[in-house]
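J.: For reference, the structure I am asking about is given below.
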């Protein structure tokens, strides 16, 4: 694939860089310039104003989240980590628990990358200059009008303190940007681009049918249900979610005291059930325990009296509490929806019980494959090139197969070969995919002229992104990286206690 410029950087082994470099002038926004601003949030310089919101609520002088080559990954108000937290948090209208985690994790990743790249820049003798920082500010357009020209009125709209903060952030990031820029610069020949473009533009369509847990016999599913009733018990629930545990408890207290109805309280919820006054409906025990990541908490809810509240519990939404709308009932084996759920559960938890029946049904269909008049769902896959390694230079089944089963099957190299060496109209033998079997019919082959012409245009840019991903992986997998993010976030930021 793409050739890269020689680089004296080795994040995997920690080898020292050599050379005496000074950040050079960028006369225009080249692909390399843009490449330098894409690695996560690190390389996109955040023009941070004085700390507000989430970044302003901490009174500790510093919080250490880890180390890289012995250097602390440290949060302080006003330092790189602190500015990243403030900047990212400002992009959210509201902050619930999942958003708070995302804000801090993005800022943390950015700081780890900044630290690693700055260390490499220091080894290589790369330094920031006033000229490079000022040129970057001009190129960035922060002080420019809609036509791209310097706008003094816009410049004067910032206070001197704000302009100093912006400049200092840019100046401090010049060395790391230079390292990332050098690392991600890609040079490719026209022949290489044309070769990849031809592969990317040539694709085949497919259609397939699937056989899964629905073929498990009803009587076997009913017997399984009777022997394992707990996962399939149902309870009627409503739910309200808030971003913090204290807020959820306070709202529960208002409801229990009678000063606020559950329906009114649901207007404050941050989950998707808010529009239904919090009503979730009937929930299987298995689904509830998965949502709560705890059978113990699910049991507590199932033991709660009708019209009473339970919680709050931490969920992926935030902190949720529940109102029991109807008492738990055992699953009705005569209900088709319940029976389908039981079969699907068996397929996920005990696939060996299901696959023999799915295979038998697939073999029966394959004996006389009829994709036109079948009552089965036929999944259509649009034109897809040969891309067994999921190259980012071209499309793949991950994008063209909405149902995802053919995409999963493409991990089998021999099966992929049969997809692209067979003839149009060929029907391939049943292929096992997890607890499913699929039967695929090969469609037409075509060449997309638009894809063939566009790939060379973006080839260097995409290659640059791939190099950045490699760089990111090398940094985060380096044995010199000491990661204590989760424990520190929960114990020092969220005050929930450590995970150890």
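In the UniProt record's numbering, the protein residues as written are 1 to 500. Yeah, the Cβ is synthetic: ideal placement off N, Cα and C, and Gly gets one too. Keep in mind the model is a prediction, meaning the values are calculated, not measured.
Assign residue 501 to buried or exposed, taking buried as 16 or more other Cβ atoms, counted over all protein chains shown, within 10 Å of its Cβ.
T.: No information on residue 501 is available, as it lies outside the stretch 1 to 500 that the chain covers here.
J.: Please classify residue 399 as buried or exposed, where buried requires at least 16 other C-beta atoms within 10 Å of its C-beta.
T.: Exposed, by the Cβ-count rule.
J.: Tell me whether the beta-carbon of residue 367 lies closer than 7 Å to the beta-carbon of residue 430.
T.: Going by C-beta atoms, residue 367 is not nearer than 7 Å to residue 430.
J.: Taking the beta carbon of residue 99 as the centre, do at least 16 other beta carbons fall within 10 Å, making it buried, or is it exposed?
T.: By the 10 Å Cβ count, residue 99 comes out buried.
J.: Let me check understanding here. Comparing Cα to Cα, which of 84, 108, 91, 391 lies closest to residue 66?
T.: Closest by alpha carbon: 108.
J.: Which full runs of the beta strand (DSSP E) of 3+ residues lie inside the segment 305-359, going along the chain?
T.: Taking only runs of at least 3 residues, the beta strand (DSSP E) segments lying wholly in the segment 305-359 are 309-314, 319-329.
J.: Report the CB separation of residue 455 from residue 393 in whole angstroms; it is logged as a contact under 8 Å.
T.: So it is a contact: roughly 7 Å between Cβ atoms.
J.: By how many angstroms is the C-alpha of residue 139 removed from the C-alpha of residue 148?
T.: Taking the straight line joining both Cα atoms gives about 9 Å.
J.: Using the Cα positions of residue 216 and residue 479, report the straight-line distance between them to the nearest angstrom.
T.: Cα to Cα, residue 216 sits roughly 48 Å from residue 479.
J.: Any chance you could list the beta strand (DSSP E) runs of at least 3 consecutive residues sitting entirely within the segment 61-127, in chain order?
T.: Runs of the beta strand (DSSP E) inside the segment 61-127: 63-68, 71-75.
J.: Check whether the Cβ atoms of residue 277 and residue 265 lie closer than 7 Å to each other.
T.: Contact flag unset, no.
J.: Is it buried or exposed, residue 330, if we count other Cβ atoms within 10 angstroms and call 16 or more buried?
T.: Result: exposed.
J.: So if DSSP puts residue 385 in a beta bridge, which residue, or which two residues, is it bridged to?
T.: In the DSSP output, where bridge partners are listed per residue, residue 385 has 203.
J.: Under 6 Å Cβ to Cβ from residue 222, same chain only, skipping five residues before and after it: list those, please.
T.: Cβ within range, chain order: 333.
J.: Bridge partners of residue 210, per DSSP?
T.: Answer is 438, bridged to residue 210.
J.: On the DSSP bridge assignment, give the partners of residue 144 in chain order.
T.: Answer is 150, bridged to residue 144.
J.: Helix, strand or coil for residue 241, going by three-state DSSP, please let me know.
T.: Residue 241: strand per DSSP, three-state reduction.
J.: Helix or strand or just coil, what does DSSP make of residue 491?
T.: If DSSP states are grouped into helix, strand and coil, residue 491 belongs with the helices.
J.: Hey, how far is the Cα of residue 164 from the Cα of residue 419?
T.: Roughly 60 Å separates the two Cα atoms.
J.: Which residues in the same chain as residue 255 place their Cβ atom closer than 6 Å to its Cβ, once the five residues preceding and following it in sequence are excluded?
T.: So the list reads 262, 265, once near-sequence residues are dropped.
J.: Helix, strand or coil for residue 391, going by three-state DSSP, please let me know.
T.: The answer is coil: DSSP assigns residue 391 none of H, G, I, E or B.
J.: Which same chain residues, not among the five before or five after residue 288, have their C-beta less than 7 Å away from its C-beta?
T.: Closer than 7 Å at the Cβ level, and outside the excluded window around residue 288, lie 298, 301.
J.: Short of 6 Å in beta carbon distance, which residues of its chain neighbour residue 251, apart from the five on each side in sequence? Order them along the chain.
T.: Closer than 6 Å at the Cβ level, and outside the excluded window around residue 251, lie 265.
J.: Only counting the same chain, and skipping five residues up and downstream in sequence, which positions put a Cβ closer than 6 Å to that of residue 492?
T.: The answer, listed in chain order, is 63.
J.: Give the straight-line distance between the Cα atoms of residue 503 and residue 475, rounded to the nearest whole angstrom.
T.: Within the shown structure, residues of the chain are numbered from 1 to 500, placing residue 503 beyond reach of any answer.
J.: Considering only C-alpha positions, which residue in the set 445, 211, 156 is nearest to residue 359?
T.: Nearest of 445, 211, 156 to residue 359, Cα basis: 211.
J.: By a C-beta neighbour count over all protein chains shown, 10 Å radius and 16 as the cutoff for buried, is residue 150 buried or exposed?
T.: Exposed, by the Cβ-count rule.
J.: If you follow the beta strand (DSSP E) that residue 502 is part of, which residue opens it and which one closes it?
T.: In the structure as shown, the chain begins at 1 and stops at 500. Residue 502 is therefore absent and cannot be evaluated.
J.: With DSSP run on the structure shown, which of helix, strand or coil describes residue 270?
T.: Residue 270: coil per DSSP, three-state reduction.
J.: Could you compute how far the alpha carbon of residue 412 sits from the alpha carbon of residue 446?
T.: Whole-angstrom Cα-Cα distance: 24 Å.
J.: Which word fits residue 337, buried or exposed, when buried means at least 16 other C-beta atoms lie within 10 angstroms of its C-beta?
T.: The residue in question, residue 337, is exposed, as its Cβ has fewer than 16 Cβ neighbours within 10 Å.
J.: CA-CA distance, residue 84 and residue 196?
T.: Spanning the two alpha carbons is a distance of roughly 38 Å.
J.: Would you identify the three-state DSSP class for residue 371, choosing helix, strand or coil?
T.: If DSSP states are grouped into helix, strand and coil, residue 371 belongs with coil.
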